[in-house]
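Data block below; observations after.
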Ligand SMILES: C[S@@+](CC[C@H](N)C(=O)[O-])C[C@H]1O[C@@H](n2cnc3c(N)ncnc32)[C@H](O)[C@@H]1O
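Numbering (my numbering), first residue to last: 1102 to 1498.
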């Protein structure tokens, strides 16, 4: 596999579980490389020769290294290229500049690399981005991405998958997969057709976007299983012990002031019940006022890159600590920033080794990353079965 926009390597982390070997990884961020190296380089069987610190737009350099790595590993053609390209311009925070923005348009650098790989381009590609890609610039960016892959010969599938089905973190993401040999993807006898009904993986908005484009190859939306039920067990994933960096009482009180009436009532109800409870929150500016917005559904909010205090997630824990006296039922409520280890856990990478990296770098790396078990699920149901059938067909020729 080739891992483009590799970041801290969580796509690789997911795929190596089923035996994929990464022969090329690319990113332009040296801090992400340091994290990747601490994690993957600590395995004595791994040499990080395959990691290329380079702007994907320097296509000659990228293609040269991909081919050199493939040759030295005696790989005729890599089987898979993954690209979780920057989502910065696909979200409100990035002003929805979409592909006219400098960062998200790096997708086209990736596509150019595939084109230049010619006969040696992989028979399978997997794109990952935020769901905003469906609607960026009135849907034109989704059409542009799909058309570009089709131009390269890929038939397409597309679905939305939320990390909450695997870990207690809400992280809906859009996936687009491209197949050079569609006959090995669809189940035997199935014909390429758009599904008539919506499903958990393909909600109405996604099907509308799919219907709005007609790639020169075609859509092959395979019947995928429903993902498992959401994991609402956040309290099992958050550390409650005294060694955590719990805030002093004044800081907790200041944040309590930021709660809306309804959120304050819900916190009080939980404190009254005296059962241990955990929730997460973000600080947000609403109508000029700083607010603390809490999620009470047992699922953490989407981890994000902490640019400024508002994007870093806050943990609230209560119910069991501290002596509560009558009239002081909020005593015992604790708050703190979510820790780097909890970020790693909520991305399904509890044992990730980041060496000596600064906390801010670790939070940034995980905030930008994919959720490991979500990618492993896609591997199990999409990537490996297709590659297996492709390999079987080649063997039988
Ligand atoms: C959404 S993150 C991908 C995270 C990755 N999948 C992971 O699990 O850590 C996008 C990555 O693209 C990288 N990037 C942005 N522009 C790039 C470019 N022009 N060339 C190469 N990498 C780029 C960023 O440094 C960032 O790590």
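In this text, a Cβ means the ideal position worked out from N, Cα and C, and glycines have one as well.
In the DSSP assignment, residue 1128 falls within the beta strand (DSSP E) that extends over 1125-1128. Judged by DSSP secondary structure, residue 1488 falls within the alpha helix (DSSP H) whose first and last residues are 1485-1497. Membership of residue 1419 in the beta strand (DSSP E) is indicated by the continuous run 1415-1419. Sixteen is the threshold: since fewer than 16 other Cβ atoms of the shown chains lie within 10 Å of the Cβ of residue 1324, the residue is exposed. Annotation for residue 1174: 1124 place their beta carbon closer than 6 Å to its own, counting only its chain and skipping 5 residues before and after. Taking each of 1362, 1479, 1329 and 1439 in turn and checking the Cα distance to residue 1346, the smallest one comes out for 1439. With respect to the C-alpha of residue 1165, the residue from 1137, 1316 and 1219 having the closest C-alpha is 1219. Residue 1420 places its beta carbon less than 8 Å from that of residue 1378. Rounded to the nearest whole angstrom, the CA to CA distance from residue 1112 to residue 1233 is 20 Å. Cβ-Cβ separation between residue 1310 and residue 1200: approximately 15 Å, too far for a contact (criterion under 8 Å). Distances from the alpha-carbon of residue 1282 to those of 1321, 1249 and 1299 put 1321 closest. From the listed residues 1272, 1383, 1239 and 1400, the smallest Cα separation to residue 1408 is found for 1383. Residue range 1473-1479 is occupied by the alpha helix (DSSP H) that includes residue 1476. Residue state for residue 1165 is assigned as helix, using DSSP reduced to three classes. In terms of Cβ geometry, residue 1185 and residue 1473 do not form a close pair [threshold 8 Å]. For residue 1159, the secondary structure class from DSSP, reduced to helix, strand or coil, is coil.
Taking the Cβ of residue 1457 as the reference point, every heavy atom of ligand 1 lies at 7 Å or farther away.
The DSSP-derived three-state label of residue 1258 is strand. For residue 1461, the closest of 1373, 1133, 1211 and 1362 by C-alpha to C-alpha distance is 1133. Between residue 1398 and residue 1316, the CB-CB gap reaches or exceeds 8 Å. Residue 1104 carries a strand assignment under DSSP once its states are collapsed to helix, strand and coil. In this structure, residue 1207 keeps its C-beta atom at 8 Å or more from the C-beta atom of residue 1152.
Within the model, the alpha-carbon separation for residue 1169 versus residue 1484 is close to 24 Å.
The criterion of a C-beta distance shorter than 8 Å is satisfied by residue 1477 and residue 1115.
Taking 7 Å as the cut-off, the C-beta of residue 1408 does not count as close to any heavy atom of ligand 1. Across the structure, residue 1416 and residue 1278 are spaced so that their CA atoms are roughly 36 Å apart. In this structure, residue 1447 places its C-beta atom within 8 Å of the C-beta atom of residue 1401. DSSP places residue 1435 inside the beta strand (DSSP E), whose first and last residues are 1435-1438. Nearest Cα to residue 1285 within the set 1252, 1497 and 1486: 1486. Here residue 1414 is buried, its C-beta having at least 16 other C-beta atoms within 10 Å.
Excluding the 5 residues flanking it on each side, residue 1458 has same chain C-beta neighbours closer than 7 Å at 1135, 1136 and 1139, in chain order.
Rounded to the nearest whole angstrom, the CA to CA distance from residue 1213 to residue 1260 is 24 Å.
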